[in-house]
Structure formats: structure tokens, C-alpha cells
Amino acid sequence: MLTRKQQELLMFIHERMKESGVPPSFDEMKDALDLASKSGIHRLITALEERGFIRRLPNRARALEVIKLPESYNPGLQRRGFSPSVVEGGLSKPQLVASTPAPTKPAPDLMAHAAVPIPVMGRIAAGVPISAIQNNTHDIIVPAEMLGSGEHYALEVKGDSMIDAGIHDGDTVIIRNTSSASPGDIVVALVDDEEATLKRFRRRGASIALEAANPAYETRIFPPDRVKVQGKLVGLIRRYH
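Spelled out as C-alpha cells, the structure:
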């Protein structure tokens, strides 16, 4: 039996991971639950771990896995650990990390929709903003299950400011094309129509804050007329040499 705060935190972690593929930061959890300090979040996470609802993954910063959900949660959803929308593999044959095995003999119409080409639009800074997004350089093929509705494009990540959100230098991020964002979303932000950067979107009163996921980088604050949201993170691809 979970307390109200324990259940609120569990569902917040679950929904954020389902949406963006990475767990929320302790600051985000604190704000979401309206707690005064992060020590309360530590206690709630420990309680959830002791009750078998989540697991902390070793040797990875801020890495959590949701193992199960409360009985009261929508029974139509599968009760299992999170399977990230991340493609990992070699240079020639990336493979989707998934917990459900593919059918051995898919029907032809399913095979036709198993992978989708999307354009790579250049590099995006996960650090100090770099030049604005370039034109289409090439296409990549991604599993259709990584994508939802709408248009998508990909960007190659340069820098380490989002490393605590699981986004590394050299990764390719999959972006849903949108001009709107909610606080906490990881977005492609265009600053002054010149600099493109990948950051977490926040609001600070009437201003917009672009927040890094690395303590080495400071949060940058801008008037709303200087920032345009150009997309929202939905997944990433990582290749190993």
C-alpha cells in the first residue's frame, strides 16, 4: 500500500520516462510534488524501492527503472519495467532495445511499416549553443515504434550538457516537430533565430529558462520573444564503434 505522495512520485517518474525516455531529475520531482527539499524525494524513492515498485540502476547517474505500478493503475497498461526508446548497435546494424521479441514471420504489410526514414538536419548543441539547425544532410532509418503522430527529424548531439538526462555527445536525437512545450520537456530551442540548443524547457515567471542536465552548465534565462521551440525529444540513437 503506497501513500499518496509515494504514488504521485511513482506515476510522475513513469509518465516522464514513457514520454521522454529518461527519468526526471530530483529537482523536477521536488517541484512536481511541491516539496521543500530533495531529501523528501530521497525518502520517497527509498520507500518505493523497498516496496519493489522501482529499482535504482548501478553506476548510472539518476537512473531509475519502474518495475511495477499500483493495482489501481489503468489495467490496460502492461505492468513491467521501462523499455527505453533508444537504438543501440554497431555502425551498420543498430538494434532497438526492446523487451518484447519480434514475430519470427511478420506479415508483408507489417514489414513495410517496421522502419521509417527521417531526415537528419545537422548538429544540435548540448552545451554552448552552436549555429542554427542546418538543412537536411541525410536520412536515417528508425523503428516505426519510436515515432508517434506528427512529423519528425533527427539531430546529431554535440556536447555533454544533457548527460545526466542520458543524452551523450555523439548521440542522434529523434525530435517531434512542434512549436509548443510543457515545463520539463527536453526541446530543441532556437535562440535569437541564430543559435540552436537541446535543453530542458522551464518557465521562470514571464521568462523562459533553458536548463542543462549537467551541473557544469548554468541555466540560461531569456525573454519569451528570444526563444522559439522547434521540437520535442521523443527518442535517441546511440552507435558503438
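Counted from 1, the sequence shown has number 191 at position 191 by our numbering; the numbering is strictly sequential.
The beta carbon of each residue, even a glycine, is placed where N, CA and C say it ideally should be.
Considering just the uninterrupted stretch of the alpha helix (DSSP H) at residue i, what are its terminal residues?
{"i": "Asp225", "result": "Where Asp225 is concerned, there is no enclosing alpha helix (DSSP H), given that its DSSP letter is neither H nor E."}
{"i": "Leu210", "result": "From DSSP, Leu210 is part of no alpha helix (DSSP H) but of the beta strand (DSSP E) over Ser207 to Glu211."}
{"i": "Lys68", "result": "No alpha helix (DSSP H) contains Lys68, which DSSP labels as neither H nor E."}
{"i": "Arg51", "result": "Where Arg51 is concerned, there is no enclosing alpha helix (DSSP H), given that its DSSP letter is neither H nor E."}
{"i": "Met11", "result": "Arg4 to Ser20"}
{"i": "Met29", "result": "Phe26 to Leu33"}
Find out if the Cβ-Cβ distance for the pair residue i, residue j is shorter than 8 Å.
{"i": "Lys228", "j": "Leu210", "result": "no"}
{"i": "Asn177", "j": "His138", "result": "no"}
{"i": "Pro143", "j": "Ala115", "result": "yes"}
{"i": "Ser161", "j": "Ala196", "result": "no"}
{"i": "Lys30", "j": "Ile45", "result": "no"}
{"i": "Ile67", "j": "Leu10", "result": "no"}
{"i": "Ala154", "j": "Val120", "result": "yes"}
{"i": "Lys158", "j": "Ala206", "result": "no"}
{"i": "Ala47", "j": "Arg56", "result": "no"}
Where do the N-terminal and C-terminal ends of the beta strand (DSSP E) with residue i fall, by residue?
{"i": "Ala154", "result": "His152 to Lys158"}
{"i": "Glu195", "result": "Glu195 to Arg204"}
{"i": "Ala189", "result": "Ile186 to Val191"}
Given residue i, which residues of its chain have a CB within under 6 Å of its CB, disregarding the five upstream and five downstream residues?
{"i": "Gln230", "result": "Val188 and Leu190"}
{"i": "Ile141", "result": "Ala115 and Pro117"}
{"i": "Pro224", "result": "Ile208"}
{"i": "Gly170", "result": "none"}
{"i": "Asp185", "result": "Phe201 and Lys232"}
Who are residue i's beta bridge partners in DSSP?
{"i": "Glu145", "result": "In DSSP, Glu145 forms no bridge with anything."}
{"i": "Pro117", "result": "Ile141"}
{"i": "Thr172", "result": "Glu156 and Ile237"}
{"i": "Ile124", "result": "Val157"}
Once the 5 residues before and after residue i are set aside, which same chain residues still bring their CB inside 7 Å of it?
{"i": "Gln6", "result": "Leu44, Ala47 and Leu48"}
{"i": "Asp287", "result": "A question about residue 287 goes unanswered here, because the residues of the chain that appear run from 1 up to 241."}
Give every residue of the same chain whose Cβ lies closer than 8 Å to the Cβ of residue i, excluding the five residues on either side of it in the sequence, and list them in chain order.
{"i": "Gly150", "result": "Arg176, Asn177 and Thr178"}
(request) Would you check if the stretch 230 to 239 and the stretch 204 to 222 touch, i.e. whether three or more CB-CB distances between them fall below 8 Å? (result) no
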